[in-house]
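Single-structure report; data block below.
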Amino acid sequence: MTESTILVLGGRGKTGRRVVARLNDLGRPVRAASRTTGFDLGDRATWNAALDGVSAVYLVPMNEFVDQSVVPEFTAAAAAAGVQRIVLLSARGVGGEAQPSQEQAERAVRESGLAWTILRPAWFAQNFSEDFLLEPLLAGELALPAGEGREAFIDAEDIADVAVAALTQEGHTGQIYELSGPEPLSFRTAVELIAEASGREIRYTPLSVPEFVASLTALGLSAEVAELLAGLLDGISRGTGDRVSDGVRRALGRDPRPFEDYVKSAAANGSWPS
1 MTESTILVLG GRGKTGRRVV ARLNDLGRPV RAASRTTGFD LGDRATWNAA LDGVSAVYLV
61 PMNEFVDQSV VPEFTAAAAA AGVQRIVLLS ARGVGGEAQP SQEQAERAVR ESGLAWTILR
121 PAWFAQNFSE DFLLEPLLAG ELALPAGEGR EAFIDAEDIA DVAVAALTQE GHTGQIYELS
181 GPEPLSFRTA VELIAEASGR EIRYTPLSVP EFVASLTALG LSAEVAELLA GLLDGISRGT
241 GDRVSDGVRR ALGRDPRPFE DYVKSAAANG SWPS
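Numbering follows UniProt numbering, in which position 222 of the sequence shown is assigned residue number 222; successive positions increment by one, without gaps.
Spelled out as structure tokens, the structure:
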């Protein structure tokens, strides 16, 4: 019997492309959806084609800077199209520091009538090599309003492993997995590890929130997004990320990958060339 297709939203993103690669390795039919393939979560006209013949969805509601209020409607459309299982990428701290729209997205998934799993990851380790932290690292200075606060950075490889397990295996329905690395680290320590592994001179500089917002808006970022990002980082300075979660072990039966292992791998792959 032919297996139904698994739809991966954000199929070219940090977790999405890793989920797609793992499903391909398992021989599971997978459809990667992103703006480059003609799918836009904010454009309802693109939904039907993406959901056709799909049994499970990995739902990545774009990112934390985008209104996720469309998620309830998309989830209802998925259920109407015959989807049976949905895995939502949310964020650690929902109900506290997180955006209200993330709470709305979680509620929509829980009330969808589908078999659901929610992933709440900490800050991605890959933010240092594949996202907005990369450019300042390559320039030699990472300046953030995170103070000496600590965050248990999670490897996107671990997130993808948990997502694929939830999409393809029994036993994950109704679970909320908070995902973190095995140890909270300060941004200063993270930068020191990256500098050592890459052979580059890089320093970490704590900034105030107003200084950080001004630096981002000077680069053309909107004040709204700059203030949101500053708020998240300021939260870390006040201890919101200084804890370890057991979601990886609960989902996979193993410990999460240490940040040092991620750094060594990223450095070996040329993320921060010397």
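Note that beta-carbon positions come from the ideal geometry of N, C-alpha and C, so glycine has one too.
Counting only beta-carbon atoms, is residue i nearer than 8 Å to chain C?
{"i": "Asp-261", "result": "No chain C appears in the structure shown, which is made up of a single protein chain."}
Just tell me which of the options has its CA closest to the CA of residue i.
{"i": "Arg-120", "options": "Ser-274, Gly-253, Val-248, Asp-255", "result": "Val-248"}
{"i": "Val-209", "options": "Pro-182, Val-225, Asn-48, Thr-37", "result": "Val-225"}
{"i": "Ala-139", "options": "Gly-149, Ala-146, Phe-128", "result": "Phe-128"}
{"i": "Ala-160", "options": "Ala-267, Pro-29, Arg-17", "result": "Arg-17"}
{"i": "Val-57", "options": "Ala-79, Glu-157, Ser-222", "result": "Ala-79"}
{"i": "Pro-256", "options": "Glu-178, Gly-239, Phe-187, Glu-211", "result": "Glu-178"}
{"i": "Gly-212", "options": "Leu-228, Ile-202, Arg-203", "result": "Note on residue identity: the sequence assigns Phe, not Gly, to residue 212. That would be Leu-228, whose Cα lies nearest to the Cα of Phe-212."}
{"i": "Gly-149", "options": "Trp-123, His-172, Pro-136, Leu-134", "result": "Trp-123"}
{"i": "Arg-250", "options": "Ala-218, Ile-176, Leu-59, Thr-37", "result": "Ile-176"}
{"i": "Leu-88", "options": "Arg-254, Gly-174, Tyr-204, Ala-195", "result": "Gly-174"}
{"i": "Ser-112", "options": "Gly-239, Arg-44, Thr-75", "result": "Thr-75"}
{"i": "Pro-182", "options": "Asp-246, Asn-269, Thr-37, Val-19", "result": "Asp-246"}
{"i": "Leu-219", "options": "Thr-36, Thr-37, Asp-43, Phe-132", "result": "Phe-132"}
{"i": "Gly-147", "options": "Thr-5, Ser-4, Gly-241, Asn-269", "result": "Gly-241"}
{"i": "Ala-267", "options": "Ala-230, Asp-158, Ala-195", "result": "Ala-195"}
{"i": "Phe-39", "options": "Val-19, Gly-11, Thr-15", "result": "Gly-11"}
Tell whether a beta-carbon distance below 8 Å holds between residue i and residue j.
{"i": "Leu-114", "j": "Val-162", "result": "no"}
{"i": "Trp-156", "j": "Val-263", "result": "Residue 156 is actually Ala in this sequence, not Trp. No, Cβ-Cβ distance for Ala-156 and Val-263 is not below 8 Å."}
{"i": "Arg-200", "j": "Ser-274", "result": "yes"}
{"i": "Leu-233", "j": "Pro-145", "result": "yes"}
{"i": "Glu-151", "j": "Ile-86", "result": "no"}
{"i": "Ile-154", "j": "Ala-125", "result": "yes"}
{"i": "Leu-216", "j": "Phe-259", "result": "no"}
{"i": "Ala-49", "j": "Pro-72", "result": "no"}
{"i": "Leu-252", "j": "Ile-202", "result": "no"}
{"i": "Leu-51", "j": "Ala-81", "result": "yes"}
{"i": "Ile-118", "j": "Glu-106", "result": "yes"}
Rounded to the nearest angstrom, how far is the Cβ of residue i from that of residue j, given a contact under 8 Å?
{"i": "Pro-206", "j": "Val-244", "result": "Not a contact, Cβ separation roughly 23 Å."}
{"i": "residue 275", "j": "Arg-28", "result": "Since the first and last residues shown for the chain are 1 and 274, residue 275 lies out of range."}
{"i": "Val-8", "j": "Ala-33", "result": "7 Å"}
{"i": "Ala-77", "j": "Trp-47", "result": "5 Å"}
{"i": "Gln-102", "j": "Ser-90", "result": "6 Å"}
{"i": "Leu-142", "j": "Phe-187", "result": "7 Å"}
{"i": "Val-60", "j": "Gly-13", "result": "6 Å"}
Go through the region 168–211 residue by residue and report every complete run of the alpha helix (DSSP H) that reaches 4 residues or more, in order.
187–198
Inter-stretch contact (C-beta, 8 Å, three-pair minimum) for the region 162–171 and the region 20–33
yes
Uninterrupted alpha helix (DSSP H) stretches inside the region 237–264 (no shorter than 4 residues)
247–252
Hey, which unbroken runs of the beta strand (DSSP E) at 3 residues or more fall wholly within the region 61–139?
85–89, 115–121
Alpha helix (DSSP H) segments (min. 4 residues) lying fully within the region 7–70
16–25, 47–51
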